[in-house]
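Trainee: Would you mind keeping the following structure in view while I ask a few things?
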Amino acid sequence: MIYRFPLRNVKDMLLNQIGNNFFKSIDDEMLVTKHLPKVLERFEECISKTDNKYYYKINDKGEREAYFDPLHTCQWLLFLYLTANTIYKYEDEKVEAARVVCDKIYGQSKTVSGCDLYYEVEMPKYFTFDHPTGSFMGRAKYGNYFSFTQGCAVGNFNEIYPVIGEHVRMLSGSKILGNSHIGDNVIISPGAMVKDEDVPSNSIVSGKSPNLIIKKNDEE
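With numbering that gives the first Met the number 0 as the guide, the letters of the sequence shown map in order to residues 0 to 219.
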């Protein structure tokens with residue numbers, strides 16, 4: 000992976016942000032340093048599957064290579080989510096110090112992006128977002144290659160969360176709520192709201208439940 004800045008600057012940037020906006024702790028550096036290799040492995044794997052021109056560079060061999068720019072706010076949000084999620088997954092959740100660090104990183108991610116992506120929410124291995132301000136991703140089951148943009152929401156209704164297939168794109172202001180099952184290769188149109196309904200694969204969805212308009216999606 001190509002780094003715009005040295006890796007030590009990336010770690011310092013994270014530690015300075017959470018230290019300045021919350022409070023400093025010796026556990027911050029210890030836990031971030033311990034899990035950083037795994038975080039970067041997950042980060043590179045995730046962005047290697049996107050065609051977003053800001054996520055790769057052409058290297059000296061003429062090949063496309065993953066590119067990490069911490070000053071790109073979408074990349075930084077992804078890095079923050081993966082850092083908190085990795086610490087949460089691989090540390091004993093009963094250890095309060097680990098939970099505190101995760102909470103600070105989560106708080107920082109909302110501060111820099113305006114997007115609510117909690118570290119306990121298990122996003123798929125490959126996912127992406129673009130200008131995600133005002134979006135909220137709840138505890139749904141997400142398939143690979145999921146993507147969303149600004150003002151999107153995935154949440155529960157009557158304590159039931161959606162199940163989302165692969166290659167699902169949520170466009171601006173769209174919502175998926177409750178006992179909804181979304182098939183593969185589905186586009187949720189701007190402003191659409193799916194609640195307690197099933198959407199078949201290869202569809203383009205518009206309107207609001209219970210009056211959805213579902214058309215065939217011919218895109219591969």
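Beta carbons are placed, not taken as given, at the ideal position from N, Cα and C, and that holds for glycine.
Ends of the beta strand (DSSP E) at Gly-206?
Mentor: Residue 206 sits at position 207 when you count from the first residue of the sequence shown. Unbroken beta strand (DSSP E) run through Gly-206: 202–207.
Trainee: For Arg-7, name the three-state secondary structure that DSSP assigns.
Mentor: Reading the sequence shown from its first residue, position 8 is the one you call residue 7. Arg-7 falls in the helix class under three-state DSSP.
Trainee: Below 8 Å on the Cβ atoms is my contact criterion, and I expect Tyr-293 with Ile-163 to pass it. Report the Cβ-Cβ distance as a whole number of Å.
Mentor: Since the displayed the chain opens at 0 and closes at 219, residue 293 lies outside it and no answer follows.
Trainee: Between which two residues does the beta strand (DSSP E) containing Met-169 stretch?
Mentor: Taking the first residue of the sequence shown as 1, we reach residue 169 at position 170. Per DSSP, Met-169 belongs to the beta strand (DSSP E) from 167–169.
Trainee: So, are the CB atoms of Met-0 and Glu-62 less than 8 Å apart?
Mentor: What you label residue 0 is simply residue 1 of the sequence shown in a count that begins at 1. What you label residue 62 is simply residue 63 of the sequence shown in a count that begins at 1. No, Cβ-Cβ distance for Met-0 and Glu-62 is not below 8 Å.
Trainee: Within the chosen definition, does the region 41–60 reach the region 73–86 through at least 3 CB pairs nearer than 8 Å?
Mentor: yes
Trainee: For Lys-207, tell me which candidate among Gly-172, Tyr-54, Pro-123 has the shortest Cα-Cα distance.
Mentor: Numbered from 1 along the sequence shown, position 208 holds the residue referred to as residue 207. For Lys-207, the nearest C-alpha among the options comes from Gly-172.
Trainee: Measuring straight from C-alpha to C-alpha, what distance separates Phe-147 and Gly-106?
Mentor: Numbered from 1 along the sequence shown, position 148 holds the residue referred to as residue 147. Numbered from 1 along the sequence shown, position 107 holds the residue referred to as residue 106. C-alpha separation (whole angstroms): 20 Å.
Trainee: With 16 as the cutoff for other CB atoms within 10 Å, does Thr-32 come out buried or exposed?
Mentor: Translated into positions along the sequence shown, residue 32 becomes position 33. Around the beta carbon of Thr-32, fewer than 16 other beta carbons lie within 10 angstroms, which makes this residue exposed.
Trainee: Skipping 5 residues on each side, what residues in its chain have a beta carbon closer than 7 Å to that of Ile-72?
Mentor: Counting from 1 along the sequence shown, the entry for residue 72 is found at position 73. The amino acid occupying residue 72 in the given sequence is Thr; Ile does not appear at that position. Answer for Thr-72: Val-111, Ser-112, listed in chain order.
Trainee: Tell me which residue opens and which closes the alpha helix (DSSP H) that Arg-41 is part of.
Mentor: As a position in the sequence shown, residue 41 is number 42, starting the count at 1. Segment 25–46, the alpha helix (DSSP H) holding Arg-41.
Trainee: If you drop the 5 nearest sequence neighbours on each side, which residues of the same chain put their C-beta closer than 6 Å to that of Tyr-118?
Mentor: The count along the sequence shown starts at 1 and reaches residue 118 at position 119. Only Ala-83, Asn-84, Tyr-87, Cys-101, Tyr-105 meet the Cβ criterion.
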